[in-house]
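Quick note on my numbering: the sequence shown kicks off at 124 and runs consecutively.
Think of the CB as a built atom: it goes at the ideal place given N, C-alpha and C, for glycine as much as any other residue.
This report refers to the structure that appears directly beneath it.
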Amino acid sequence: MQTHTGSCLCGVVRYRIDAPIDELTHCHCKMCRKAHGAAFASYASYASVPLDALYFMSGKDQLGVYHSSEHVTRTFCIRCGSNLLFVDNREHEVGVAAGTLDSPLPAPPQSHIFVDSKAAWYEIHDALPQHNGDSPR
Numbered sequence: 124m125q126t127h128t129g130s131c132l133c134g135v136v137r138y139r140i141d142a143p144i145d146e147l148t149h150c151h152c153k154m155c156r157k158a159h160g161a162a163f164a165s166y167a168s169y170a171s172v173p174l175d176a177l178y179f180m181s182g183k184d185q186l187g188v189y190h191s192s193e194h195v196t197r198t199f200c201i202r203c204g205s206n207l208l209f210v211d212n213r214e215h216e217v218g219v220a221a222g223t224l225d226s227p228l229p230a231p232p233q234s235h236i237f238v239d240s241k242a243a244w245y246e247i248h249d250a251l252p253q254h255n256g257d258s259p260r
């Protein structure tokens, strides 16, 4: 079994994932851009992993929650503001902000999603697959 660990910027929230991370997506939707303050958000598949494979080792009481849409909850550290999780309540998976992973991650398959709503000032210059919506699964 693969295990990955991660944490927020200040280190108060620490988590463990007991599952492989099979894909990374770079989401260009407006909500992800706003939430991350960047041209896109990279999720290790935001990382989509089974919800029951995610464990908080510390700081669960320091998680802030924002319901960004009817089906999506985003979590962040209330101390340092690190964006941590993306939970779609229609799925039993959670997306983990790839930048919060502390353990090494071999390069899994990657793609750009929601490129039809990317920032006008950002140009994609890599050869990764691009999707106008979510990545096909």
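Under the three-state reduction of DSSP, which class applies to residue i: helix, strand or coil?
i           : result
residue 220 : strand
residue 211 : strand
residue 240 : helix
residue 235 : strand
residue 255 : coil
Should residue i be listed as close to the ligand FAD, given that the test is whether its C-beta is under 7 Å from any heavy atom?
i           : result
residue 209 : Summarising the ligand content, the structure contains no ligands, and the ligand FAD is consequently not present.
Per DSSP, which one or two residues make a beta bridge with residue i?
i           : result
residue 128 : 139
residue 206 : 199
Do you know whose CA, among the options, lies nearest residue i's CA?
i           : options               : result
residue 135 : 147, 151 and 185      : 185
residue 244 : 161, 190, 133 and 149 : 161
residue 250 : 213, 124 and 149      : 149
residue 125 : 256, 239, 227 and 203 : 227
Exercise. What beta strand (DSSP E) runs, 3 residues minimum, are completely inside the stretch 130-200?
Worked result: If we require 3 residues or more, the beta strand (DSSP E) runs fully inside the stretch 130-200 come out as 137-140, 147-150, 164-173, 177-181, 186-190 and 195-200.
Exercise. Pairing CB atoms from the stretch 124-140 with CB atoms from the stretch 215-235, are three or more of them under 8 Å?
Worked result: Yes, they touch.
Exercise. Okay, do the stretch 160-167 and the stretch 185-199 touch, 3+ Cβ pairs below 8 Å being the bar?
Worked result: Not touching, per the Cβ criterion.
Exercise. Just checking, does the stretch 136-149 make contact with the stretch 174-183 on the three C-beta pairs under 8 Å criterion?
Worked result: Between the stretch 136-149 and the stretch 174-183 there are three or more C-beta pairs closer than 8 Å, enough to call the two in contact.
Exercise. So, do the stretch 232-240 and the stretch 204-218 have three or more beta carbon pairs nearer to each other than 8 Å?
Worked result: The stretch 232-240, when compared against the stretch 204-218, does not touch it at the 8 Å Cβ threshold.
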